[in-house]
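A.B. asks:
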Amino acid sequence: MTAARTRLERVRAAVGIAQLALQQIEDDLKADDVDQAELAAILRELIEDTDPPGGLIPALAQLVTAAARRAEQIEPDRDGDASCPLHEAAALITDNAGQLLIWAARALDPQGEAE
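Each residue of the sequence shown is one higher than the one before, starting from -1 at the first, in this note's numbering.
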């Protein structure tokens, strides 16, 4: 039980750090001097961050996919009651949220994609 508690504590701490980082991004988005090109660049950064490759949205989808794969292994009846919704959530994050951010960035700054 100690290992699970330690793992849960690490997850809680990591989520707290992620929340602080996301709050910083939100604060930057609310700045009065953010113009359309900079907003588009920020949106692209959430999707296509180049260092490390992937960006926030794909990383979040990957995390949910990892949970789905683990759920597949430990579901009592292996019926997909837990893993299927997780796989669907990962797909929605990638397909819906990611694509919508790309469209919004293009609408704000079509030329910014070449950067």
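All C-beta atoms in this analysis are idealised placements derived from N, C-alpha and C, irrespective of residue type, glycine included.
State yes or no: is the C-beta of I91 within less than 9 Å of the C-beta of R42?
C.D. replies: As a position in the sequence shown, residue 91 is number 93, starting the count at 1. As a position in the sequence shown, residue 42 is number 44, starting the count at 1. No, they are not a contact pair.
A.B. asks: When the Cα atoms are used, what is the spatial distance from R68 to S81?
C.D. replies: The residue you call residue 68 lines up with position 70 of the sequence shown. The residue you call residue 81 lines up with position 83 of the sequence shown. Cα to Cα, R68 sits roughly 8 Å from S81.
A.B. asks: Here's the rule I'm using: 16 or more other beta-carbon atoms within 10 Å means buried, otherwise exposed. How should L27 be labelled?
C.D. replies: Within the sequence shown, numbered from 1, the residue matching residue 27 stands at position 29. The residue in question, L27, is exposed, as its Cβ has fewer than 16 Cβ neighbours within 10 Å.
A.B. asks: To the nearest whole angstrom, what separates the beta carbons of A103 and A38, a pair I think is in contact under 8 Å?
C.D. replies: By 1-based counting over the sequence shown, the position of residue 103 is 105. By 1-based counting over the sequence shown, the position of residue 38 is 40. Indeed, because the Cβ distance is near 4 Å, the residues count as touching under 8 Å.
A.B. asks: Just how far apart, CA to CA, sit D25 and D75?
C.D. replies: Counted from its first residue, the sequence shown places residue 25 at position 27. Counted from its first residue, the sequence shown places residue 75 at position 77. Spanning the two alpha carbons is a distance of roughly 45 Å.
A.B. asks: Using a Cβ-Cβ cutoff of less than 7 Å, which residues in the same chain neighbour V65 once the five nearest sequence positions on both sides are dropped?
C.D. replies: Numbered from 1 along the sequence shown, position 67 holds the residue referred to as residue 65. In the sequence as presented, Val is not what sits at residue 65; that position holds Ala. Counting only Cβ-Cβ distances below 7 Å, and skipping sequence neighbours, we find L84.
A.B. asks: Flag this pair as yes or no: are the beta carbons of Q34 and L98 separated by less than 9 Å?
C.D. replies: Walking along the sequence shown from the start, residue 34 turns up at place 36. Walking along the sequence shown from the start, residue 98 turns up at place 100. Result no, Cβ atoms of Q34 and L98 do not sit closer than 9 Å.
A.B. asks: From the DSSP output, in three-state form, read off A29 for me.
C.D. replies: Start at 1 with the first residue of the sequence shown, and residue 29 comes out as number 31. A29 falls in the coil class under three-state DSSP.
A.B. asks: For V32, which residues of its own chain have a beta-carbon under 6 Å away from its beta-carbon, when the five flanking residues on both sides are left out?
C.D. replies: Working through the sequence shown from its first residue, we reach residue 32 at position 34. Nothing meets the Cβ criterion.
A.B. asks: Would you identify the three-state DSSP class for P108, choosing helix, strand or coil?
C.D. replies: By 1-based counting over the sequence shown, the position of residue 108 is 110. Residue state, collapsed to three classes: helix.
A.B. asks: Going by DSSP in three states, D93 sits in which element: helix, strand or coil?
C.D. replies: Working through the sequence shown from its first residue, we reach residue 93 at position 95. Correct three-state label for D93: helix.
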